[in-house]
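S.K.: Quick note on numbering: the sequence shown equals residues -4 to 190 in our numbering.
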Amino acid sequence: MKQYLILVVLVASANSFAQDKWKTSVELDFGFPSDWEYEYKSAPHEYTHVDLEDSGFVLNSFGVQGYHGYFIFENLSIGPVGGYNYQSVQKLSMLRLGARFQLHFTGRDNAFTYLQFSNNFSLNYERFKAGTHIRYGLAFPLKKTDTIIISLNLFGELSQYYMNGSKPLLEYVGNETPVVLREKPHVGVSLGVTF
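1. Note the first and the last residue of the continuous beta strand (DSSP E) segment covering Y65.
2. What distance in whole Å lies between the Cβ atoms of Y157 and F123, which are believed to be in contact at a cut-off of 8 Å?
3. Does the beta-carbon of L176 have 16 or more other beta-carbons within 10 angstroms, so that it is buried, or is it exposed?
4. Taking 8 Å as the limit between beta carbons, can you name the residues of its chain near I67, skipping five residues before and five after?
5. Tell me, which residues are paired with Y120 by DSSP?
6. In the DSSP assignment, the beta strand (DSSP E) including V21 goes from what residue to what residue?
7. Could you check which residue in N105, T172 and F116 has the C-alpha nearest to that of K18?
8. For the segment 30 to 45 against the segment 88 to 99, do three or more pairs of beta-carbon atoms, one drawn from each stretch, fall closer than 8 Å, so that the two count as touching?
9. Excluding the 5 residues flanking P223 on each side, which residues of the same chain have their C-beta closer than 8 Å to its C-beta?
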């Protein structure tokens, strides 16, 4: 009985220590318009590149993502990131899953920078099959309480969407076989809550 009590105390102590090593955040993303590059095949060995412009609405993408990071050093955490994103101009709807490296400048409750890599998983194969995504960002706390931190995040990102077997993007081109759609580097903002 004494051994079990010691084991319970050790596990509880380790668990409370481990809680200090984890941070979870949820972010609501808004991306600004960017340019696109579309590559398609019109003959067996003939590839064509077309530049497409984003137009219309002030924002071109919306999304939500979550991060659960473990501090491997005092100010550096690493962990999975995942979420949902919608590109309104090209009508691309996707789930994202990847990893993030997050570096806090002066403490875990202050400003930080991050780099994340993720994969795009299409929710509509007629638009695209899969893709890759990279984002670099800076976050600044707006409000701190004992339990949460609300932050403003500024980021730059780029994405690539593989379109083999997808529906042609340009309807006026004859014999168009989609290959890849690239979103050129663009900026965005997000509102984050860390707890």
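C-beta: ideal position from N, C-alpha, C; glycine also. If you're wondering where the values come from, they're calculated on a predicted model, not measured in any experiment.
M.R.: Inspection of the coordinates gives the following:
1. If you number the sequence shown from 1, residue 65 lands on position 70. Here the beta strand (DSSP E) through Y65 covers S56 to F66.
2. As a position in the sequence shown, residue 123 is number 128, starting the count at 1. As a position in the sequence shown, residue 157 is number 162, starting the count at 1. That belief holds up - the Cβ atoms of F123 and Y157 are roughly 6 Å apart, short of 8 Å.
3. Position 181 of the sequence shown, counted from the first residue, corresponds to residue 176. It counts as buried.
4. Indexing the sequence shown from 1 puts residue 67 at position 72. Excluding sequence neighbours, I67 sits near I73.
5. Here the question's residue 120 lines up with position 125 in the sequence shown. For Y120, which the question treats as bridged, DSSP gives no partner whatsoever.
6. On the sequence shown, position 26 is the one that residue 21 refers to. Here the beta strand (DSSP E) through V21 covers W17 to G26.
7. Stepping through the sequence shown from its first residue, residue 18 is reached at position 23. It is N105.
8. no
9. Nothing can be reported for residue 223: it is not among the residues displayed for the chain, which extend from -4 to 190.
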